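In what follows, a single structure is set out as structure tokens and then discussed.
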Amino acid sequence: MNKVEEPPTPAYHSLYTGQPQPPSEPKFKTQPLFSSLTGKSALDTRNTIVPDPYHLAKVVGSTKSIITNTESLKSFGNPTLRTPAAGHTGGQVLDNFFHPNWYTLEAPTWLIYKQKALKPPVESTLVKETFDNELRTFERVSQTIRSFGPTTDLRRSVLSSELRNSVWFNHFGLKKLDAIKQAYYGPKEKSKSISETSREIQNAEDAMDEDRITDLIIPEANGNDIARSVEPVFKSGEIKLENLVYYRPEVASMIEELKKDKDIIKRSPSKIQKLISFDLLRLNKLRQVRFSQQSAANKNTPTTAEVVLYKKIMKLLTILLQSNVGQDQSFTHEVSKKIPVLLNEYPGVLPGHMPSSSSAMHKTARLAGVRGPYKKKKGFM
């Protein structure tokens, strides 16, 4: 903690008394020196007042040596020097995410540490005070000490307060508005029995037999309700283009898979758990086959059968967790209905600085053929 004294107000002459008023008493303000102790918000654009002995640190010094002085994003690339073999992708992770034009953009100016040096004396009678140190000093750029932080403040251009507010609104504000809307219209039923779910599957089967257009309502993720059951709404005589936007062929295939296992779903929750385990093994088998048959040039995208199995497992988990059997158990933790699936594998490394050159080891002055000193043997008396 640091105690800051505010500057006193200047003394002024009063027109009535004719005598100068005494200055007011100085005010002291206690302020922490570390940013972790301050309660200042990241959206607050006001400057922090720091007393004279201290300054606001905009950059953090680094003792790493940088060989190249290029100022583009391409210079902060893959530190590995080995060229990948033919048919293999590059070792850098962010190659697929970087636009080609980004590599030509100039990086911000890095902080360069300078040191003062003396020029050699000038032996001339025409110049006075040639041996004065003030005329001979000059600044030399230090190549061994540089900083990774930029000297310019990029908060207003890259991460402004308007951008942070918009990100907060898109991530949290919309969810809060949706929660207020649901609280106003009334809570929905969260628990459904297995018989009700089988009745929905039977209704979907009848609708597909009659070749009706289904309007699939896909709600947004709101708080704890991460995955919701898709409720089909059937309308006859009207064709809406919105149905084509929300139509997913995988959902229809998933319903067909659930129709095949309808008898297993109606039996007991233990049968549903065995069905989920069996489908997870099938999903893992399809993933292994896809990885074995895929070349390095093609994109690693899941097949249609994997997507259908994934949606089927999610629906079975929803049925099991929202049933009366799952609600009766005393489980205080919040259960997630999503299954972790490996989407991409990156074999490379993150971009960083080039490794510093290792210093040469000091060679010994002793020749290789010369042996060390021998111990003297004690002679016999």
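Just so you know, this note's numbering puts 600 at position 205 of the sequence shown, and the rest follows in order with no gaps. Just so you know, even glycine gets a beta-carbon here, dropped at the ideal spot from N, CA and C. Just so we're clear, the structure is a prediction, and the values are computed from it rather than from any experiment.
query	result
By DSSP, does Lys635 sit in helix, in strand, or in coil?	coil
Name the DSSP beta bridge partners of Glu400, please?	Phe423
Under 8 Å: do the region 646–666 and the region 705–713 share three or more Cβ pairs, one atom per stretch?	yes
With three or more C-beta pairs closer than 8 Å as the rule, is the region 680–687 touching the region 695–703?	yes
Take Glu388 and list the residues in its own chain whose beta-carbon comes closer than 6 Å to its own, dropping the five residues that flank it on each side.	Residue 388 falls outside the range modelled here, since the chain spans only 396 to 776, and no answer is possible.
Please classify Pro697: does DSSP put it in a helix, a strand, or coil?	coil
Hey, Leu678 and Glu701 are a contact pair by Cβ (cut 8 Å); roughly how many whole angstroms apart?	6 Å
Is it buried or exposed for Leu438, if we count other Cβ within 10 angstroms and need 16 for buried?	exposed
Could you tell me whether the Cβ atoms of Glu664 and Ser718 are closer together than 8 Å?	Checking the displayed sequence, the identity of residue 664 turns out to be Pro instead of Glu. Their beta carbons are under 8 Å apart, which means Pro664 touches Ser718 by this criterion.
Which of the three DSSP states, helix, strand or coil, is assigned to Asp439?	coil
By DSSP, does Ser690 sit in helix, in strand, or in coil?	coil
Could you give the first and the last residue of the continuous alpha helix (DSSP H) run that contains Ser718?	Ser718 -> no alpha helix (DSSP H), and no H or E assigned at all.
Run through DSSP, which three-state label would Arg682 get?	helix
Using C-beta distances below 6 Å, list every residue in its chain close to Gln668, excluding the 5 sequence neighbours before and after it, in chain order.	none
Tell me the residue span of the alpha helix (DSSP H) that contains Ser648.	644–655
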